[in-house]
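Asker:
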Amino acid sequence: MMEKETVLVGLSGGVDSAAAAVILQQQGYRVIGATMQIWDPSLPVPQGIYQKNACLSPEKEDMSEIKAIADKLGIEHMAVDCRETYRQVVLDNFRDEYARGRTPNPCVRCNSQIKFGVLPAAAAKQGILFDKFATGHYAQIVHDAATDTYLLKKGVEIARDQSYFLHRLGQKQLSCALFPLGGMQKAEIREIARQAGLSVADKEDSQDFYCGDYNDLLNFPNKPGDMVTQDGKVVARHNGIWGYTIGKRKGLGISGFPVPMYVVGIDAAKNQVIIGPKEALYSKQLTADDLTWVAGYPPAEEFECEIKIRNLHYPAKARVRVTDGKLQAEFEEEQMSVTAGQSAVLYQGDIVLGGGVIL
Numbered sequence: 425m426m427e428k429e430t431v432l433v434g435l436s437g438g439v440d441s442a443a444a445a446v447i448l449q450q451q452g453y454r455v456i457g458a459t460m461q462i463w464d465p466s467l468p469v470p471q472g473i474y475q476k477n478a479c480l481s482p483e484k485e486d487m488s489e490i491k492a493i494a495d496k497l498g499i500e501h502m503a504v505d506c507r508e509t510y511r512q513v514v515l516d517n518f519r520d521e522y523a524r525g526r527t528p529n530p531c532v533r534c535n536s537q538i539k540f541g542v543l544p545a546a547a548a549k550q551g552i553l554f555d556k557f558a559t560g561h562y563a564q565i566v567h568d569a570a571t572d573t574y575l576l577k578k579g580v581e582i583a584r585d586q587s588y589f590l591h592r593l594g595q596k597q598l599s600c601a602l603f604p605l606g607g608m609q610k611a612e613i614r615e616i617a618r619q620a621g622l623s624v625a626d627k628e629d630s631q632d633f634y635c636g637d638y639n640d641l642l643n644f645p646n647k648p649g650d651m652v653t654q655d656g657k658v659v660a661r662h663n664g665i666w667g668y669t670i671g672k673r674k675g676l677g678i679s680g681f682p683v684p685m686y687v688v689g690i691d692a693a694k695n696q697v698i699i700g701p702k703e704a705l706y707s708k709q710l711t712a713d714d715l716t717w718v719a720g721y722p723p724a725e726e727f728e729c730e731i732k733i734r735n736l737h738y739p740a741k742a743r744v745r746v747t748d749g750k751l752q753a754e755f756e757e758e759q760m761s762v763t764a765g766q767s768a769v770l771y772q773g774d775i776v777l778g779g780g781v782i783l
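To convert, note that position 191 of the sequence shown is 615 in this note's numbering; the numbers rise steadily by one, no gaps.
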């Protein structure tokens, strides 16, 4: 490296982003830390269930731990107020989708529009000069010289791969992004943080985007409606469709059926929750819109790939057709709980093609 390149690192206060900063320093980069401020004091403080390490949490307003990391590494650090855009892009969408009986994925929107959008843009606007932007995500970027295209690939530790959450990143974002942890295992990363003397080396991982019960965040008034079987028979009442998602079984408040019953559908127009047996959860098709492609375009109008219908879903083989901004997928085998609002992410091997939002 002729001259030290400067990398802006998204520091969250966790071991992954801290280790990413250490690795980049070891590789000879000049590192600057930047942290998103997204907790809005006007949000209800969650009751009951509580996860301190969640991304959206009152604790995240306390920058002392993050500043301690920056001080230990001898790097500059800045906090970026992303609250207003986060509310508009992530929280408003989160509430709107649940109100429509859908199950959104806020992390996907946050990564593409806030973490890889607002955060580096705001840093640049404040006069911070940097060449690359890095995070502690478990994913990889490879430049294909033959096509001059940046490929987004799965992280090598498949159990921790986060490419699903990054599928909306495009060529411009990938061209200036670095994922130092993509080729590593978690145990190695913790050891790097330990060797650097960082107190977060053994810190627990974040498990969710919000620290409390989703109902605290939604804060919707009750809107009672019918819980019905697939043939329309009313079997119970509910207090709001947003309390249910496809595949839910516990807490339905129903009995007297010969087999376990699940939520198999939600009809927002009728304010109904539809229940049925487990086999009713299986489907061989899905439709998605709001499509994005890593390369900027789909590989073809019709092609074969593997699809993840949620983060922890094993990629399922499918044939896909893209027409009029929508994606139609036919799976080789039936898939359980294809859920409206979730992201369908398309892969060919370990390469991310793109994805969309399930209808």
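Where a beta carbon is used, it is the ideal one built from N, C-alpha and C, also for glycine.
The alpha helix (DSSP H) with GLN597 in it runs from where to where?
Answerer: Residues 595-599.
Asker: Taking Cβ to Cβ, would you say TYR574 is nearer than 7 Å to GLN595?
Answerer: Yes, the pair counts as a contact, with Cβ atoms nearer than the cut-off.
Asker: Which two residues bound the contiguous beta strand (DSSP E) that contains LYS496?
Answerer: Element bounds for LYS496: not the beta strand (DSSP E) but the alpha helix (DSSP H), 488-497.
Asker: Per DSSP, which residues does ALA768 bridge with? Please list them.
Answerer: DSSP, once it has assigned bridges, lists GLY780 as partnering ALA768.
Asker: Within a Cβ cutoff of 6 Å, which residues of the same chain sit near LYS658, ignoring the five residues on either side of it in sequence?
Answerer: The sequence shown places Val at residue 658, rather than the Lys named in the question. Around VAL658: ASP650 and VAL652.
Asker: I need the DSSP call for CYS635, collapsed to helix, strand or coil.
Answerer: DSSP places CYS635 in coil when its eight states are reduced to three.
Asker: Is it buried or exposed for ILE678, if we count other Cβ within 10 angstroms and need 16 for buried?
Answerer: Exposed: under 16 other Cβ atoms inside 10 Å.
Asker: Would you say ARG524 and ALA712 are within 7 Å of each other, going by their C-beta atoms?
Answerer: Not closer than 7 Å, so no.
Asker: Can you check the segment 612-682 for any beta strand (DSSP E) of at least 3 residues that lies completely inside it and give the ranges in chain order?
Answerer: Fully enclosed beta strand (DSSP E) runs of 3 or longer: 649-653 and 658-662.
Asker: Starting from the Cα of ASP520, find the closest Cα among ILE782, PHE644 and LEU448 and give me that residue.
Answerer: Nearest of ILE782, PHE644 and LEU448 to ASP520, Cα basis: PHE644.
Asker: Leaving out the 5 sequence neighbours to the left and right, which residues in its chain are closer than 6 Å to ASP505 when beta-carbon positions are compared?
Answerer: The answer, listed in chain order, is GLN461.
Asker: Indicate the three-state DSSP secondary structure (helix, strand or coil) for LYS578 in the structure shown.
Answerer: LYS578: strand per DSSP, three-state reduction.
Asker: Return helix, strand or coil for LEU432, following the three-state DSSP convention.
Answerer: Strand, per DSSP.
Asker: Could you check the C-alpha separation between HIS567 and TRP717 for me, to the nearest Å?
Answerer: Looking at the two C-alpha atoms, the distance is approximately 16 Å.
Asker: Which residue wins for smallest C-alpha separation from TYR771, given the options ALA764, ALA742 and GLY765?
Answerer: Comparing Cα positions, the closest option is ALA742.
Asker: Which of helix, strand or coil does DSSP assign to TYR510?
Answerer: Of the three classes helix, strand and coil, the one that applies to TYR510 here is helix, per DSSP.
Asker: With a threshold of 16 other CB atoms inside 10 Å of the CB of PHE633, please say whether the residue is buried or exposed.
Answerer: Result: buried.
Asker: Does ASP774 come out as helix, strand or coil in the three-state DSSP assignment?
Answerer: Three-state result, ASP774: coil.
Asker: Excluding sequence positions up to five away, which residues of its chain have a Cβ less than 6 Å from the Cβ of GLU485?
Answerer: If we look at GLU485 and ignore the five residues flanking it on each side, its Cβ neighbours are TRP463.
Asker: Taking the alpha carbon of LEU598 as the reference point, which residue from ALA558, ILE616, LEU605 and ASP629 has its own alpha carbon closest?
Answerer: The candidate whose alpha carbon is nearest that of LEU598 is ALA558.
Asker: DSSP three-state label for SER707, please.
Answerer: Three-state result, SER707: strand.
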